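K.L.:
The sequence shown lines up with residues 15 to 446 when you count with the working numbering. The beta-carbon is built from N, C-alpha and C at its ideal position, and this holds for glycine as well. Because the structure is a prediction, the values reported are computed rather than measured.
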Amino acid sequence: MRNPFLSFTLVFIFAISACTPKATATSVAPTETASPAATEPEVVDLITHPFPQHVEYASNSILPSHRSLEELDNDVRVFYDYWKSEYLVEDGSSDDGFPLYRVAFGKSEEARGTTVSEGQGYGMMIVPIMAGYDPNAQVIFDGLWAFARAHPSEVDSRLMDWNVPDPEGNDSAFDGDADIAFGLLLADAQWGSNGRVNYKAEAEKMIGGILESTIGPESHLPMLGDWIDAHGPNHNQYTPRSSDFMLVNFRAYGEATNDPVWNDVVLQSQNIILAIQTNHSPETGLLPDFIVIKDQVPQPAPSEFLENVTDGAYNYNAGRDPWRVGLDALIYDDEVSRSIVQKISHWIESSAAGDPANIRSGYELDGTPLSGSDYFSTFFVAPMGVAAMNDPAQQDWLNAVYDSVYDTHEDYYEDSVNLLCLMVMTGNFWSP
15 MRNPFLSFTL
25 VFIFAISACT
35 PKATATSVAP
45 TETASPAATE
55 PEVVDLITHP
65 FPQHVEYASN
75 SILPSHRSLE
85 ELDNDVRVFY
95 DYWKSEYLVE
105 DGSSDDGFPL
115 YRVAFGKSEE
125 ARGTTVSEGQ
135 GYGMMIVPIM
145 AGYDPNAQVI
155 FDGLWAFARA
165 HPSEVDSRLM
175 DWNVPDPEGN
185 DSAFDGDADI
195 AFGLLLADAQ
205 WGSNGRVNYK
215 AEAEKMIGGI
225 LESTIGPESH
235 LPMLGDWIDA
245 HGPNHNQYTP
255 RSSDFMLVNF
265 RAYGEATNDP
275 VWNDVVLQSQ
285 NIILAIQTNH
295 SPETGLLPDF
305 IVIKDQVPQP
315 APSEFLENVT
325 DGAYNYNAGR
335 DPWRVGLDAL
345 IYDDEVSRSI
355 VQKISHWIES
365 SAAGDPANIR
375 SGYELDGTPL
385 SGSDYFSTFF
395 VAPMGVAAMN
405 DPAQQDWLNA
415 VYDSVYDTHE
425 DYYEDSVNLL
435 CLMVMTGNFW
445 SP
């Protein structure tokens, strides 16, 4: 039996419900656009959530106020077309003649030859939401899924190999699988599961793999991947990556499977975040890339814990946290998640003196900029826009953040996160 990991020193106890009502969407007729004609075989004509959706997020949440809804929607269309042109790669075909697709790891020739499961997950969330604008959305989605299935992890074959075509270490990374499974649930909600792919059944199978192989059996926390020994000495069920606290995904899994364990995964994730904010970032609210829990006390990971010397800092993993947690507050109206991101959002607006151009690309948890971080990146700025949506007092700040990112292009990682955040900031990201 999986036992909840509940006891943490100096953690505020919040009564939360993982079954609170989620945001609802108002269907809007898709805008006619000059999109290329579909050349691939048609799959299913049914589209239940055509873009744009204009989702009604939590009460007292805000959207950018200086642009019309039509302008916001078009910003997403334009960025999506750019994203597809740069990163969507057709890579062969299936046995039944349908194209396979993957998301390239970058713009360079070398990077275009690589795909990571993280990017495949981003693509499988983005594409179903753009159905109704993109006439090829379902064919592309099915191709993304087929590519993922063609490259399974050697540890748990229900999950995806995290790095293709890397011949070594063919195991999984938590976030990629978590977004792929969420994307399958989006596809089921968008197109139903009576076509060529039974999205719901595939999602349930993958969620089962995620739970069995990458959720700590006692901690109920996400592990780094299926290569982790839950009881190992260095990397184990008590050493999560903060950006793997994907609360909206976990709630969607619970709704899809009726398994209450996902409620506790949400609760434990929030408890860890609160402990870090209370004991290690009381002024900034920032979270570290990696967390180590010793004697039931969460703390930032030491230098070189897994990736580099900044593993215990707010850097290129944790930069996604304001988006992931902020989205939970918007869709599920969760007060704990709202308090978490408001702490971060209020600090960053003050630290940047109201100008997103002053946001540095990485910080120590006390707010000191990391060495070499004196440059602008949408990766660190766009998620702050999602966080700002949770406080009407930050309307001007949200507008400024939006203006700084909506037409700024960088590379695969930054652009993919930026597009997903733009979908939220324009009211077009929805949960199944």
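Whole angstroms are fine: how far does the CA of residue 115 sit from the CA of residue 155?
P.N.:
Per the coordinates, the alpha-carbon of residue 155 lies some 8 angstroms from the alpha-carbon of residue 115.
K.L.:
If we count the other Cβ atoms within 10 Å of its Cβ and call it buried at 16 or more, is residue 80 buried or exposed?
P.N.:
exposed
K.L.:
Which residues does DSSP pair with residue 304 in a beta bridge?
P.N.:
255
K.L.:
Per DSSP, which residues does residue 382 bridge with? Please list them.
P.N.:
Paired residue(s): none; residue 382 is not in a bridge.
K.L.:
Residue 375: which of 392, 367 and 361 sits nearest, CA to CA?
P.N.:
Just measuring C-alpha positions, the residue of 392, 367 and 361 sitting nearest residue 375 is 392.
K.L.:
Any contact of the stretch 389–404 with the stretch 426–434, i.e. 3+ C-beta pairs under 8 angstroms?
P.N.:
yes
K.L.:
Provide the residue span of the beta strand (DSSP E) that contains residue 291, from first to last.
P.N.:
Run containing residue 291: none in the beta strand (DSSP E); it sits in the alpha helix (DSSP H), 275–293.
K.L.:
Would you kindly check if the distance between the Cβ of residue 194 and the Cβ of residue 108 is under 8 angstroms?
P.N.:
no
K.L.:
Between 70, 62, 446 and 120, which lies nearest to residue 263 when the distance is taken from Cα to Cα?
P.N.:
446
K.L.:
Determine the closest residue to residue 424 out of 101, 73, 88 and 64, with distance taken between C-alpha atoms.
P.N.:
101
K.L.:
On the premise that residue 227 lies in contact with residue 335, defined as a C-beta separation below 8 angstroms, what is that separation, rounded to the nearest angstrom?
P.N.:
The distance from the Cβ of residue 335 to that of residue 227 is about 24 angstroms, inconsistent with a contact at the 8 angstroms cut-off.
K.L.:
Roughly how many angstroms separate the alpha carbons of residue 383 and residue 137, rounded to a whole number?
P.N.:
31 angstroms
K.L.:
Buried or exposed, going by whether 16 or more other CB atoms sit within 10 Å of the CB of residue 427?
P.N.:
buried
K.L.:
Are there three or more Cβ pairs, one per stretch, closer than 8 angstroms when the stretch 224–243 is compared with the stretch 267–280?
P.N.:
yes
K.L.:
Touching or not, the stretch 244–259 and the stretch 316–335, by the rule of three or more beta carbon pairs under 8 angstroms?
P.N.:
Flag = yes, the stretch 244–259 and the stretch 316–335 touch.
K.L.:
Since residue 228 sits in a beta bridge, which residues does DSSP pair it with?
P.N.:
In the DSSP output, where bridge partners are listed per residue, residue 228 has none listed.
K.L.:
Answer with buried or exposed for residue 111, where buried requires no fewer than 16 other C-beta atoms within 10 angstroms of its C-beta.
P.N.:
exposed
K.L.:
Look at residue 300 and residue 287 and say whether their C-beta atoms are less than 8 angstroms apart.
P.N.:
No.
K.L.:
Answer with buried or exposed for residue 310, where buried requires no fewer than 16 other C-beta atoms within 10 angstroms of its C-beta.
P.N.:
exposed
K.L.:
If I measure Cβ to Cβ from residue 213 and keep anything under 6 angstroms in the same chain, skipping five residues before and after, which residues do I get?
P.N.:
Hits under 6 angstroms: 198, 201, 202 and 207.
K.L.:
Which term fits residue 342, buried or exposed, when burial requires 16 or more other beta carbons within 10 angstroms of its beta carbon?
P.N.:
buried
K.L.:
To which residues of the same chain is residue 316 closer than 8 angstroms at the C-beta, ignoring the five residues directly before and after it?
P.N.:
In chain order, 306, 325 and 326 place their CB closer than 8 angstroms to the CB of residue 316, counting only its own chain and leaving out the 5 sequence neighbours on each side.
K.L.:
Hey, could you find the ends of the beta strand (DSSP E) residue 113 is sitting in?
P.N.:
Note, residue 113: beta strand (DSSP E), 113–117.
K.L.:
Considering residue 410, what are the terminal residues of the beta strand (DSSP E) in which it resides?
P.N.:
Counting along the chain, residue 410 falls outside any beta strand (DSSP E), though it belongs to the alpha helix (DSSP H) covering 409–419.
K.L.:
What is the residue span of the alpha helix (DSSP H) that residue 493 lies within?
P.N.:
The requested residue 493 does not occur in the structure, where the chain is confined to residues 15 to 446.
K.L.:
Shortest alpha-carbon distance to residue 143 belongs to which of 62, 291 and 271?
P.N.:
62
K.L.:
Can you grab the Cα-Cα spacing for the pair residue 250 / residue 339, in whole Å?
P.N.:
23 angstroms
K.L.:
Among 125, 439 and 363, which one has its Cα closest to the Cα of residue 407?
P.N.:
363
K.L.:
Measure the beta-carbon distance from residue 344 to residue 403 and round it to whole angstroms, keeping in mind my assumption that it falls under 8 angstroms.
P.N.:
6 angstroms
K.L.:
Report the three-state DSSP secondary structure of residue 145 (helix, strand or coil).
P.N.:
strand
K.L.:
Could you give the distance in angstroms between the alpha-carbon of residue 88 and the alpha-carbon of residue 318?
P.N.:
42 angstroms
K.L.:
Kindly indicate which three-state DSSP category residue 388 falls into: helix, strand or coil?
P.N.:
Residue state, collapsed to three classes: coil.
K.L.:
I'd like the ranges of any alpha helix (DSSP H) spanning at least 4 consecutive residues and lying wholly in the stretch 332–372.
P.N.:
With a minimum length of 4 residues, the continuous alpha helix (DSSP H) runs that stay inside the stretch 332–372 are 335–346 and 349–365.
K.L.:
Hey, would you say residue 185 sits closer than 8 angstroms to residue 171, going by beta carbons?
P.N.:
no
K.L.:
Note down, in chain order, each residue of its chain lying with its Cβ closer than 6 angstroms to the Cβ of residue 240, except the 5 sequence neighbours on either side.
P.N.:
167, 169, 170, 173, 185, 186, 227 and 228
K.L.:
Is it buried or exposed for residue 372, if we count other Cβ within 10 angstroms and need 16 for buried?
P.N.:
exposed
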